[in-house]
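Residue numbers (full-length UniProt numbering): 1 to 336.
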């Protein structure tokens, strides 16, 4: 019944059927228009679907949330960072229920310490949590708050994603790399970075959130390099698909990118944290466009303050973790 916010999404292709000479002009006019028309538009004023009651530790509050996972019934599971807990907000609810943690920071079975990400593992019917402060990745089975299984230890984990085979990918912020873990692995397999801290195409610098598509291409928010990298399967270096032009606020730049998701057309959505906006880039484009957050940082419904995690629901509405406003914002897709 679950739909991962990091679910693999295939990219669209345009058929290349042969055309006669008198059709070429028509084809070249139509195809870009078709692509342009498929770019989703979103309401610029968001609906607050979780939190928004200033920061705190009550069940109707959040304190610096960072990541979300959205179920098919639109329940939202939230990594509530400074409350060291995972909470669940059901659709149209004005309060949450505690899933795990919430007992202060610590490393006991009922505790978390700075959870950075949460995804759902359909094969094992369980959640996987990036328990950053404890330097571990844990598996958690819903409805059993003390049954945590440690999957990976001694890793400065940040972002998580899972591919269609059920293999787990974890970004390591400290070692500037991403590894793939099969069940039972002790070390994991290096799939991106791992060549020291830097800005070359075979390097990363503080990788945060990640996304995997159906072709096993990995998208990485290369946070301290202010860019998003795409690493195809079994390659030794990535390509820059967003940013990479220094830190800044022009349409060619990003400033501390975090959440990254890719839609069914292969368009890349990035939480541009310090610019308080969400950007969309198409691979190969020189610049992106602003999807939401055109009004500077603030707490109004058309503003964001340090956006972190991103997700789509099953109707392609966009959800943004508005960290410094301690709320989750839903931007409804505008139906054409």
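Yeah, the Cβ is synthetic: ideal placement off N, Cα and C, and Gly gets one too.
The model shown is predicted, which means the values in this text are computed figures rather than measured ones.
Under the DSSP assignment, residue 256 falls outside any beta strand (DSSP E); it carries neither an H nor an E label. Ranked by Cα distance from residue 315, the options 334, 304, 209 and 253 are led by 334. Short of 6 Å from the beta carbon of residue 283, and not among the five residues preceding or following it, lie these beta carbons of its own chain, in chain order: 241. Only residues of its own chain outside the window of five on either side were considered, and among them 88, 89, 90 and 91 have a CB closer than 8 Å to the CB of residue 75, listed in chain order. If you compare the alpha carbons of 266, 47, 129 and 227 with that of residue 141, the shortest gap goes to 129.
Using a Cβ-Cβ distance cut-off of 8 Å, the segment 249-264 and the segment 312-326 are in contact, since at least three pairs of beta carbons, one from each stretch, lie closer than that value.
Apart from sequence neighbours up to five positions away, the residues of its chain that approach residue 289 with a beta-carbon distance below 6 Å are 280, ordered along the chain.
Note on geometry: alpha-carbon atoms of residue 55 and residue 327 lie some 9 Å from one another. Between the beta-carbon of residue 51 and that of residue 62 there is about 4 Å, and that keeps the pair under the 8 Å contact cut. Contact between residue 185 and residue 207 is ruled out by a C-beta separation of about 19 Å, above the 8 Å threshold.
Note on geometry: alpha-carbon atoms of residue 299 and residue 166 lie some 38 Å from one another. Partner residues in the beta bridge of residue 98, as assigned by DSSP, are 87. Cβ-Cβ separation between residue 269 and residue 310: approximately 6 Å, consistent with a contact (criterion under 8 Å). Residue 200 counts as exposed, since fewer than 16 other C-beta atoms from the protein chains shown sit within 10 angstroms of its C-beta. With fewer than 16 other Cβ atoms inside 10 Å of its own Cβ, residue 150 counts as exposed. In the structure shown, the three-state DSSP call for residue 274 is helix. Going by beta carbons, residue 154 and residue 182 fall outside the 8 Å limit. Comparing C-alpha distances from residue 109 to each of 85, 267 and 252 shows the shortest one belongs to 85. With respect to the C-alpha of residue 45, the residue from 179, 301 and 254 having the closest C-alpha is 301.
In the DSSP assignment, residue 161 falls within the beta strand (DSSP E) that extends over 157-162. Of all alpha-carbon atoms in 228, 232, 238 and 115, the one lying nearest the alpha-carbon of residue 255 is that of 228. Boundaries of the beta strand (DSSP E) harbouring residue 190: 189-193, taken from the DSSP string.
A straight line joining the alpha-carbon of residue 213 with that of residue 115 spans about 24 Å.
Linking residue 293 to residue 278 through their CA atoms gives a straight-line distance of about 6 Å.
Around the beta carbon of residue 95, a 10 Å sphere encloses fewer than 16 other beta carbons of the protein chains shown; the residue is thus reported as exposed. In the three-state reduction of the DSSP assignment, residue 303 falls in the coil class, being assigned neither a helical nor a strand state.
C-alpha of residue 72 to C-alpha of residue 65: approximately 21 Å in a straight line.
For residue 175, the closest alpha carbon among the candidates 331, 211, 164 and 191 is that of 191. If the five residues before and after residue 41 are omitted, its C-beta is found closer than 7 Å to the C-beta atoms of 334, all from its own chain and listed in chain order. Beta-bridge partners of residue 297 (DSSP): 304. Assignment of residue 61 by DSSP, reduced to helix, strand and coil, places it in the coil class. Residues of the same chain with a CB within less than 8 Å of the CB of residue 216, apart from the 5 flanking positions on each side, are 163, 232 and 233 in chain order. As the crow flies, the alpha-carbon of residue 139 is around 6 Å from that of residue 127.
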